[in-house]
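Novice: One structure, as structure tokens, below. Some questions next.
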Amino acid sequence: GAGVSQSPSNKVTEKGKDVELRCDPISGHTALYWYRQRLGQGLEFLIYFQGNSAPDKSGLPSDRFSAERTGESVSTLTIQRTQQEDSAVYLCASSLDFASYNEQFFGPGTRLTVL
Amino acid sequence: AQSVTQPDIHITVSEGASLELRCNYSYGATPYLFWYVQSPGQGLQLLLKYFSGDTLVQGIKGFEAEFKRSQSSFNLRKPSVHWSDAAEYFCAVGLSNFGNEKLTFGTGTRLTIIP
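Protein chains in written order, with my numbering: chain A, 1 to 115; chain B, 1001 to 1115.
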């Protein structure tokens, strides 16, 4: 079966523009997570969804970042007025639910470059 | 807040040699512990996880890890590495009382295999 997919795989944008990153989780997975991976660093948790609800948004770095999920499937991460420090790989993961014993399955990521 | 330290940024090992990647965590209770591998151009893949019980955990691809509470460590080992093991390895910790919806990752260890 299909794994987690993300689009686009690469995105180059100019400072100040808005970008939308998309994540398609594995079918049937109710939990969905967004992480950011800056060059040479570990993964930084951004937000997670249980169904369409986002109980914990504390990882979003600023109010320029937002995320939504509809129909317990696709999620979009939106970054408004992008800054150069937003350049990173954005990773999405999904799991059956957010119970601790469930493995998170990761997508290949979207590499965002802000010029 | 929990934290994860991977003290080795880069390790080089000869093919066929043994491998140990270090991971130390900081958390008041017993955490949930994970090792993920990120191969070039691919998403993260779970190698193994520890929740409770036997402190020696077997994973995929011949990897194992041992949880040592007294040392707050969860080191990853493999008796004989293969060239295909060259990748980035991430240790992660989840809060045991809230599940793994907010994994904290280490900064990763890049493994290079030489012939």
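C-beta atoms are modelled at their ideal positions from N, C-alpha and C, and glycine is treated no differently. Quick caveat, the model's predicted, so the values are computed rather than measured.
1. What number of angstroms, rounded off, separates the C-alpha of residue 77/A from the C-alpha of residue 1115/B?
2. Using beta-carbon positions only, say whether residue 1063/B and residue 1078/B come within less than 8 Å of one another.
3. What in chain A is Cβ-close to residue 1102/B, meaning under 8 Å?
4. May I ask you to report which of helix, strand or coil DSSP gives residue 1099/B?
5. Classify residue 84/A as buried or exposed, calling it buried when 16 or more other Cβ atoms lie within 10 Å of its own Cβ.
6. Measuring straight from C-alpha to C-alpha, what distance separates residue 103/A and residue 88/A?
7. Do residue 960/B and residue 1104/B have their C-beta atoms closer together than 8 Å?
8. For residue 64/A and residue 1055/B, I'd like the C-alpha separation in whole angstroms.
9. Along chain A, in chain order, which residues have C-beta atoms closer than 9 Å to that of residue 1058/B?
10. How about residue 1042/B: is its C-beta nearer than 8 Å to some C-beta of chain A?
11. For a minimum of 3 consecutive residues, which ranges assigned as the beta strand (DSSP E) are wholly contained in the stretch 30 to 96 of chain A?
12. Three Cβ pairs or more, each shorter than 8 Å: is that satisfied between the stretch 91 to 98 of chain A and the stretch 15 to 27 of chain A?
Specialist: Let me spell this out:
1. Counted from its first residue, the first sequence places residue 77/A at position 77. Counted from its first residue, the second sequence places residue 1115/B at position 115. Roughly 42 Å separates the two Cα atoms.
2. As a working note, residue 1063/B is residue 63 in the second sequence. As a working note, residue 1078/B is residue 78 in the second sequence. Result yes, Cβ atoms of residue 1063/B and residue 1078/B sit closer than 8 Å.
3. Here residue 1102/B refers to the residue found at position 102 of the second sequence. Those are 45, 48, 56, 59, listed as they occur along chain A.
4. The residue given as residue 1099/B occupies position 99 in the second sequence. Its pLDDT being 48, under 50, residue 1099/B is placed unreliably in this model, and the value from its coordinates should be taken loosely. Coil at residue 1099/B, not helix or strand.
5. The count along the first sequence starts at 1 and reaches residue 84/A at position 84. Counting every other CB atom within 10 Å of its CB across the protein chains shown gives residue 84/A a total below 16, marking it as exposed.
6. Stepping through the first sequence from its first residue, residue 103/A is reached at position 103. Stepping through the first sequence from its first residue, residue 88/A is reached at position 88. When rounded, the distance between both Cα atoms is 24 Å.
7. Residue 960/B lies beyond the residue range present for chain B, which begins at 1001 and ends at 1115; the question has no answer from this structure.
8. For the purposes of this step, residue 64/A is taken as the residue at position 64 of the first sequence. For the purposes of this step, residue 1055/B is taken as the residue at position 55 of the second sequence. C-alpha separation (whole angstroms): 43 Å.
9. Locating residue 1058/B in the second sequence gives position 58, where the first residue counts as 1. Within chain A, no residue has its beta carbon less than 9 Å from that of residue 1058/B; the closest one is some 15 Å off.
10. Here residue 1042/B refers to the residue found at position 42 of the second sequence. With 8 Å as the cut-off, residue 1042/B counts as an interface residue toward chain A.
11. 31 to 37, 43 to 50, 53 to 56, 65 to 69, 75 to 79, 88 to 95
12. yes
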